[in-house]
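Residue numbers (my numbering), protein chains in the order written: chain V, 170 to 439; chain E, 170 to 439; chain U, 170 to 439; chain R, 170 to 439.
Here it is as structure tokens:
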């Protein structure tokens, strides 16, 4: 890491992020929910299911940055209101993406954690804006970004005064096509060497295949990650986006059992 | 190109973009100038030099999206005013980058062409905003983006009502480290098959080495590109950014002689 | 996986490879040892150390395919004889690389498992030759190879009549430079879906950093791999090759303790 | 280029390779022919056609390194005999691939230039063997290889005593899927800075699309390459391999007209 004068690098104590009763940076935090908020029914039913299976927070997109301008772009404010209702029902804090610097302040009224998506990792105007927000930021790695560039983006947020940054590895783009992206699991121990910020894994986007999510989640625990963010939908076959990488509640529940056991094992192992 | 319903794909007639007296999409258009506007003297001297050597437009950054928050971020409005002066001195239209959707309308008062940088290619809020602007847009390819994703980003702009989109290949990220990026020269004939939009090449960012810029520019003409955008500084060793990839006026002038001859040869060749 | 008519794909029962008393494909197999055989003392002392720490097999290169023709190329026959001695001392079966089709038959007299290195993954003459050998083959993935191409190379060996193929993921080449390669951990569950062959991980070459090997090895167990192959040297700072990615006996021993515990945990978890 | 002590780098005079009356390293050399030798009729008819269009040498594979063991592997000795006949008919020297170190001496009796394919670039046993051969070697770049690694492979051959090495850029593997590989055109001026060896381009494998071959060939001339190697078949739709990237004789003839004109223009330009 040449030429960096990171606040991220300078401090020595591990950053722990508090979101209501949830803690990121101690134990293993599980964020789960649908790719996008499609309706009140879908969102609340999914929220109840992931809560029951032991998830710590609810994810769900109201603004969807889509490759094509003609694809579903999210429900916007209506989606945020649905998320708020889901939080009232379940108590789960909300993680949701913000994609425009003009939206940061009012989206913060609905979101407990602001997500910066992979395509916006180097959207510096947006980073500056969330650096001023009073909400923790989940910063996804760009699909073409080095660890050094990623940490510099965290630095944009820290430099703005917001100390609550959570890094999220979500797979990088390589030549391999069997998986949607290539999960860079080494980023977990690498970041543990380089920064005090917590690191979580998104096995759903990394693999693009529901059948691989379980193994990758277990690997994330064992590699020392601080959590995962997983796509779950009460009925994946009806999901508007990311159908193939989304777990149903039963699959998620089964996986959660194993994850919690492994989490305990790893704690004993340290 | 599966699943695209491109306006870019649908139309059959080649798009020609007019910027004052300059035409992009007929003949070979050369845009030259410094990476960033550093001072009035540097900018105007460089502008005069590239004009004399035969450049068609002036490039220069007033807003610099930099990897590190602590690096030079550009002069902002002051830089735009310098560019305006350089235009008054030389008559060269101005190509300059915009990085925030909130800046599009006022930056348009200074810019003749709005540049969207590689890191912002999928900044959809920004694309929507320039789609509403009355200025042509130079859309750089993301360093990790497929041709299909790039055309979809053009579509965001076209869909907003702005028909004047110029595509700019600037190298993609690969494992090779001798060059800064890998120039995807095949993108030129590929895009000629796929779209009616003009395509230019940025050999400076693609290679990261001034010594390679001449050969890559000649290859761009021969491959059928509609132009190039090149970094030139009156004194590259003093440039704040991109020193190693920047030509001095003499090198640029020598290259322009060859390019204009090859341009004529290619016209006869069709 | 289009257009493959794999023996690897066709059969349904999991392949278990037996090497003396060692079993690959049941439980978690650990292969450890120096990158290259440098001397009798270095090799035997390292062999004793890894045996003591619980390794199942000894690795060590007598033929080294090196980027430069002027780099150390291995001790050849002399190295194989040293490996044989190390086996006599410790009882550990020997895994060693073969790089020339003309060497397969006589190297087989010293090797218990023939390793095909990443650079030779598509050396089809060599694959044909080890396909005729009576030794299990550890087939490393090419650093630029898709899973599909890799399975096709396994097929070359299986097609020659040798059923004992062990796949070894050792990192793929990407743009990231913090690690030497990028470990594709998803290849483990992906291959479990696609083939009946056992899959092991090489965390040393994947990361290029000794400090990351422990976490990646734990992740390998949790992801469902059948083993690992790790570089260990009695004194890494004196190693001729791969110094930075090599563990010393103490580090290896500490890691082995955790691995064996996790292995047991995972067995209970199924 | 760190840590290289290249013969390739040391010498200052440009290497010119002579193959009968053909010269590589002065002017622009065109090698054309089918991917593989399929029959006497196909090969000789294609040879006559490419000769008539102005090609300098004939390419054709008798040994085909194929991804799958069940794909057509080439005619072997029979293919070499057909190539010999094609040479007798047309006078064109033969460029053909060798894939096994045991074959080098006898294949040299049929080949005027020995080709090392991309998959074998780091097959060091094979490089050592062609280093001892009395035939020029066309060394293709590995699809995942850096320029530095490639030059080191040339060094293996030079170190063996064979000074006649021709480098061939054939596209590298990236995330882009519109083209089969990504032609690294910058490798041409980069290699001109680094080595005295001639450099040619393979636009057929680089693009995988016949429609792009013409533009890429023109770009190769303009970038300063010493030649191209192109796939031509008298009837591409009947070709066993690489159908989609193969030109028919008419397309090749049309392209050759433009290439020879551009070659002359570029000579005047220096």
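Note that the Cβ used here is the ideal one computed from N, Cα and C, for glycine as well.
| request: At 7 Å on the CB atoms, spell out the chain V contacts of residue 292 of chain E, in chain order. | output: 289 and 292
| said: If contact is defined by three or more beta carbon pairs under 8 Å, each pair taking one atom from either stretch, is the stretch 398-409 of chain E in contact with the stretch 391-406 of chain R? | reply: no
| task | Kindly confirm or deny that the stretch 269-281 of chain V and the stretch 215-231 of chain E touch, where touching means at least three C-beta pairs closer than 8 Å. | result | Judged by Cβ distances under 8 Å, the stretch 269-281 of chain V makes no contact with the stretch 215-231 of chain E, as fewer than three pairs qualify.
| query | Hey, out of R:307, R:412, R:375 and R:233, whose CA is closest to residue 342 of chain R's CA? | reply | Taking only the C-alpha atoms, the option nearest residue 342 of chain R is R:375.
| message | Residues of the stretch 405-427 of chain V in Cβ contact with chain E at a cutoff of 9 Å, in chain order, please. | response | none
| task | For residue 321 of chain V, decide whether its Cβ has a neighbour in chain U, counting only Cβ atoms nearer than 8 Å. | result | no
| field | Near-chain U residues of the stretch 258-273 of chain R (beta-carbon distance less than 8 Å), N- to C-terminal order | value | 268, 269, 270 and 271
| field | Every unbroken alpha helix (DSSP H) within the stretch 338-383 of chain U, with a cutoff of 4 residues, ordered by chain | value | Correct list: 356-363 and 372-376.
| query | Considering only C-alpha positions, which residue in the set U:431, U:261, U:239 and U:254 is nearest to residue 201 of chain U? | reply | U:261
| At which residue ranges does the stretch 269-301 of chain E contain complete alpha helix (DSSP H) runs of 4 or more residues, listed in the order of the chain? | 273-276 and 293-300
| Contacting positions in the stretch 324-350 of chain V - beta carbon closer than 9 Å to chain R | 342, 343, 344 and 346
| request: Taking only beta-carbon positions, decide if residue 312 of chain U is within less than 8 Å of chain R. | output: yes
| query | Can you tell which of U:434, U:318 and U:203 has the C-alpha that lies nearest to the C-alpha of residue 391 of chain U? | reply | U:434
| query | What does DSSP give as the partner residues of residue 303 of chain E in its beta bridges? | reply | In DSSP, residue 303 of chain E forms no bridge with anything.
| query | If we count Cβ pairs, one from each stretch, closer than 8 Å, do we get three or more for the stretch 348-355 of chain U versus the stretch 350-362 of chain V? | reply | yes
| message | Suppose contacts are defined by Cβ-Cβ distances below 8 Å. Is residue 300 of chain U in contact with residue 268 of chain U by that definition? | response | no
| query | When the Cβ atoms of the stretch 407-418 of chain V are set against those of the stretch 410-425 of chain U, are three or more pairs found closer than 8 Å? | reply | no
| Ordered along the chain, which non-local residues of its own chain (more than five positions away) have a Cβ less than 8 Å from that of residue 291 of chain U? | 311, 314, 318 and 322
| Going along chain E in order, which residues have a C-beta closer than 8 Å to the C-beta of residue 234 of chain V? | 291 and 293
| task | Report back the beta-carbon spacing between residue 237 of chain E and residue 324 of chain V to the nearest angstrom; my notes put them in contact at under 8 Å. | result | Rounded, the Cβ-Cβ distance is 7 Å, consistent with contact.
| said: Could you check whether the Cβ of residue 434 of chain R sits closer than 8 Å to any Cβ belonging to chain E? | reply: yes
| message | Assuming residue 244 of chain E and residue 206 of chain E are in contact, meaning their beta carbons sit under 8 Å apart, how far apart are those beta carbons, in whole angstroms? | response | 6 Å
| Does any C-beta atom of chain E lie closer than 8 Å to the C-beta of residue 371 of chain R? | The beta carbon of residue 371 of chain R does not come within 8 Å of any beta carbon belonging to chain E, so the residue lies off that interface.
| field | Per DSSP, cross-strand counterpart(s) of residue 205 of chain R | value | R:230
| field | Option nearest residue 270 of chain U by Cα separation, candidates U:371, U:240 and U:289 | value | Out of U:371, U:240 and U:289, the CA that lies nearest to the CA of residue 270 of chain U is found in U:289.
| said: Suppose the cutoff is 7 Å on Cβ atoms and the five residues either side in sequence are ignored; what does the same chain contact list for residue 293 of chain U look like? | reply: 325
| DSSP on residue 182 of chain R, reduced to helix/strand/coil? | coil
| Does residue 237 of chain U come within less than 8 Å of chain R when only Cβ atoms are used? | Judged by the 8 Å Cβ criterion, residue 237 of chain U is in contact with chain R.
| request: Say whether chain V places a C-beta atom closer than 8 Å to the C-beta of residue 207 of chain E. | output: Output row for residue 207 of chain E: interface = no.
| message | Judging by CA-CA distance, which residue of V:193, V:422 and V:307 is the nearest neighbour of residue 217 of chain V? | response | The alpha carbon of residue 217 of chain V has as its nearest neighbour, out of V:193, V:422 and V:307, the alpha carbon of V:422.
| field | Sheet register partners of residue 198 of chain V (DSSP bridge) | value | Secondary-structure assignment with DSSP links residue 198 of chain V through a beta bridge to V:396.
| CB contact flag (residue 383 of chain R, residue 358 of chain R, <8 Å) | No.
| said: Between which two residues does the alpha helix (DSSP H) holding residue 259 of chain U run? | reply: 246-259
| query | Is the Cβ of residue 381 of chain U closer than 8 Å to any Cβ of chain V? | reply | yes
| said: For a test of the three-state rule: what should DSSP assign to residue 428 of chain R, helix, strand or coil? | reply: helix
| request: Determine the chain R residues that contact residue 353 of chain E at a beta-carbon separation under 7 Å, and present them in chain order. | output: Within 7 Å Cβ-Cβ: 345 and 351.
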